[in-house]
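Numbering (this note's numbering), first residue to last: 548 to 626.
Built from N, CA and C at the ideal position, the CB exists for glycine as well.
Notes follow once the structure below has been shown.
What follows is the structure, encoded as structure tokens:
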């Protein structure tokens, strides 16, 4: 069985609601499949792009791609 020290998940942007795009969700779902099987450690990259403003949360704070990905991954893995 393959044992990984860490899975690095590349970001790919957020939609206007601050959720990861479908191609990023595919990466996050793959990482979730590795949890408890091959690794328990993830590194989700990216804060965003300087070319456009990030989406904002209800309190007006920017939503980082890494944070949105981590929240999704926690929901999938932890239920």
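Considering only C-alpha positions, which residue in the set the options is nearest to residue i?
i	options	result
residue 597	556, 579 and 612	612
residue 572	553, 559 and 581	559
Taking residue i and residue j to be in contact with their CB atoms under 8 Å, please state how far apart those CB atoms are, rounded to whole angstroms.
i	j	result
residue 585	residue 620	No, residue 585 and residue 620 are not in contact; Cβ-Cβ is about 15 Å, not under 8 Å.
Would you check if the distance between the CB atom of residue i and the CB atom of residue j is smaller than 8 Å?
i	j	result
residue 610	residue 556	no
residue 576	residue 623	yes
residue 595	residue 601	yes
residue 567	residue 616	yes
residue 551	residue 581	yes
Please name the residue or residues paired with residue i in a DSSP beta bridge.
i	result
residue 567	561
residue 609	603
residue 586	582
residue 554	589
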